[in-house]
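Peer 1:
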Amino acid sequence: MSGEARRAELAANLERVRERVAAACAAAGRKPEEITIVAVTKQYPASDVRLLAELGIRDIGENRDQEAAPKAAECRDLDLTWHFVGQLQTNKARSVARYADVVHSVDRMRLVTELGRRVRAAERTVTCLIQVNLDPDSEQGVLGPRGGADPGDVPALAEAVEAEEGLALGGVMAVAPRQGDPREAFDRLKTVAEELQARYPHATVISAGMSGDLEAAIERGATHLRIGTALLGNRRLIVG
Ligand SMILES: *Cc1c(COP(=O)(O)O)cnc(C)c1O
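With full-length UniProt numbering applied, the sequence shown corresponds to residues 1 to 240, in that order.
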């Protein structure tokens, strides 16, 4: 596909997503300006990041360090906000600390201390969202690991993030379980977010909602949507 054709396709997709966001906001009595669209560009090239930036997207999400690190480097001139949204192994904290502005998947103490150490070494600051596991049926999700801390562990993790110089507590993130009504899951997330905000008023981010459930997320208070497929197209399945 030519660059022009791809640009037209991305523009049309973005227009549709913006329409969905506007409609969901209208239904929920919210303003579209309250919502940040994070374009999840995993499996798509840096050239798509560039086109999205030209179309007005400022927030880019990635879920694998091996892919994100070179892409962020290639797009450094664009001055975008990079969101790391995937499960983060401790041994990748050093690399992620160099380019990520927001890490959505902070879910354990070890990761907090390691990220803090690496962020300070890089002389940067990183905003951390505590990822919450919303799947009550299983520790790891029905269809494999999805990550996330138990809701009861959020206060201790938040306190640890606040205590690490270089890390800023931004709020919470979750992925709705594949089974069940996403609104119920996002309701639980909202409760966790409200409890967190009572203690840390600046922790206002609720990262919830993907291509399939963004309306439910907006209805239940999401501030950040992580949108891949609806913007960029279907990804190939990666096994393992
Ligand atoms: C891939 C991914 C998304 C985007 O999902 P889509 O359904 O393609 O919009 C959102 N969040 C996380 C954590 C992801 O890994």
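The beta-carbon is built from N, C-alpha and C at its ideal position, and this holds for glycine as well. A quick note: this is a predicted structure, and the numbers were derived from the prediction, not measured.
Return yes when the C-beta of residue 227 is under 7 Å from any heavy atom of ligand 1, and no when it is not.
Peer 2: Within the sequence shown, numbered from 1, the residue matching residue 227 stands at position 227. Because some heavy atom of ligand 1 lies under 7 Å away, the Cβ of residue 227 counts as near it: yes.
Peer 1: If you run the structure through DSSP and keep just helix, strand and coil, what is residue 143?
Peer 2: Numbered from its first residue, the sequence shown carries residue 143 at position 143. Note that residue 143 scores 45 on pLDDT, short of 50, meaning its location in the model is unreliable; the coordinates nonetheless yield the value given after this. Note: residue 143 maps to coil in three-state DSSP.
Peer 1: Across the stretch 98 to 117 and the stretch 76 to 87, are there enough close Cβ pairs to call them in contact, namely three or more that are closer than 8 Å?
Peer 2: yes
Peer 1: With DSSP as the reference, label residue 54 as helix, strand or coil.
Peer 2: Here residue 54 refers to the residue found at position 54 when the sequence shown is read from its first residue. Reduced to three states, the DSSP call for residue 54 is helix.
Peer 1: Any heavy atom of ligand 1 closer than 7 Å to the CB of residue 26?
Peer 2: Here the question's residue 26 lines up with position 26 in the sequence shown. Residue 26 Cβ: outside cutoff for every heavy atom of ligand 1.
Peer 1: Closest to residue 215 by CA distance: which of 12, 28, 1 and 8 is it?
Peer 2: Here residue 215 corresponds to residue number 215 of the sequence shown, with the count starting at 1. The candidate whose alpha carbon is nearest that of residue 215 is 28.
Peer 1: Excluding the five sequence neighbours on either side, which residues of its own chain have a C-beta within less than 7 Å of the C-beta of residue 95, listed in chain order?
Peer 2: Indexing the sequence shown from 1 puts residue 95 at position 95. Around residue 95: 65 and 69.
Peer 1: Can you list, in chain order, the residues of its chain with a C-beta nearer than 6 Å to that of residue 200? Leave out the 5 residues immediately preceding and following it.
Peer 2: Start at 1 with the first residue of the sequence shown, and residue 200 comes out as number 200. So the qualifying residues of the chain are 169.
Peer 1: Please confirm whether residue 136 and residue 192 have their CB atoms less than 8 Å apart.
Peer 2: Counting from one through the sequence shown, the residue named residue 136 turns up at place 136. Counting from one through the sequence shown, the residue named residue 192 turns up at place 192. No; because the gap between Cβ atoms is not below 8 Å, this pair is not in contact.
Peer 1: Checking 8 Å against the spacing of the C-beta atoms, do residue 266 and residue 120 come in under that value?
Peer 2: The first residue shown for the chain is 1 and the last is 240, placing residue 266 beyond what the model contains.
Peer 1: Note the first and the last residue of the continuous alpha helix (DSSP H) segment covering residue 114.
Peer 2: Start at 1 with the first residue of the sequence shown, and residue 114 comes out as number 114. Residue 114 -> alpha helix (DSSP H) spans 109 to 121.
Peer 1: Considering only C-alpha positions, which residue in the set 24, 40, 87 and 41 is nearest to residue 34?
Peer 2: By one-based count along the sequence shown, residue 34 stands at place 34. Out of 24, 40, 87 and 41, 24 has the C-alpha closest to the C-alpha of residue 34.
Peer 1: Could you tell me how far apart the beta carbons of residue 176 and residue 186 are, in whole angstroms, since I believe they sit closer than 8 Å?
Peer 2: On the sequence shown, residue 176 is found 176 positions in, with the first residue counted as 1. On the sequence shown, residue 186 is found 186 positions in, with the first residue counted as 1. About 7 Å; that satisfies the 8 Å criterion.
Peer 1: From this set, 3, 178, 115 and 213, which residue's C-alpha is nearest residue 134's C-alpha?
Peer 2: Within the sequence shown, the letter at position 134 stands for residue 134. Ranking the options by Cα distance to residue 134, first place goes to 178.
Peer 1: With C-beta atoms as the reference, is residue 147 less than 8 Å away from residue 87?
Peer 2: Along the sequence shown, one-based indexing puts residue 147 at 147. Along the sequence shown, one-based indexing puts residue 87 at 87. Contact: yes.
Peer 1: Below 6 Å CB to CB, which residues in the same chain sit around residue 11 once its five sequence neighbours on both sides are set aside?
Peer 2: The residue you call residue 11 lines up with position 11 of the sequence shown. Once the five neighbours on either side are set aside, the close Cβ partners of residue 11 are 55.
Peer 1: Since I believe residue 228 is in contact with residue 210 (beta carbons under 8 Å), could you give me their beta-carbon distance rounded to a whole number of angstroms?
Peer 2: For the purposes of this step, residue 210 is identified with residue 210 of the sequence shown, where counting begins at 1. For the purposes of this step, residue 228 is identified with residue 228 of the sequence shown, where counting begins at 1. Contact flag correct, Cβ pair sits at about 7 Å.
Peer 1: Express the C-alpha separation of residue 183 and residue 44 in angstroms, rounding to a whole number.
Peer 2: Walking along the sequence shown from the start, residue 44 turns up at place 44. Walking along the sequence shown from the start, residue 183 turns up at place 183. Those two C-alpha atoms are separated by around 29 Å.
Peer 1: Am I right that residue 93 and residue 111 are in contact with their C-beta atoms under 8 Å? What's the rounded C-beta distance?
Peer 2: Against the sequence shown, residue 93 aligns to sequence position 93. Against the sequence shown, residue 111 aligns to sequence position 111. Sure, about 7 Å apart at Cβ, within 8 Å.
Peer 1: Taking the alpha-carbon positions, what's the residue 2 to residue 48 distance?
Peer 2: Indexing the sequence shown from 1 puts residue 2 at position 2. Indexing the sequence shown from 1 puts residue 48 at position 48. CA-CA distance, residue 2 to residue 48, rounds to 12 Å.
Peer 1: Could you tell me if residue 77 is buried or exposed, where buried requires 16 or more neighbouring beta carbons within 10 angstroms of its beta carbon?
Peer 2: As a working mapping, residue 77 is identified with position 77 in the sequence shown. When all chains shown are included, residue 77 counts as exposed.
Peer 1: Nearest to residue 74 by alpha carbon, out of 46, 225 and 58?
Peer 2: Reading the sequence shown from its first residue, position 74 is the one you call residue 74. Nearest C-alpha to residue 74: 46.
Peer 1: Are there any heavy atoms of ligand 1 lying less than 7 Å away from the beta-carbon of residue 13, as far as the coordinates show?
Peer 2: The residue given as residue 13 occupies position 13 in the sequence shown. Not a single heavy atom of ligand 1 lies less than 7 Å from the C-beta of residue 13.
Peer 1: Give the list of continuous beta strand (DSSP E) stretches no shorter than 3 residues that lie fully inside the stretch 10 to 82.
Peer 2: 36 to 40 and 59 to 62
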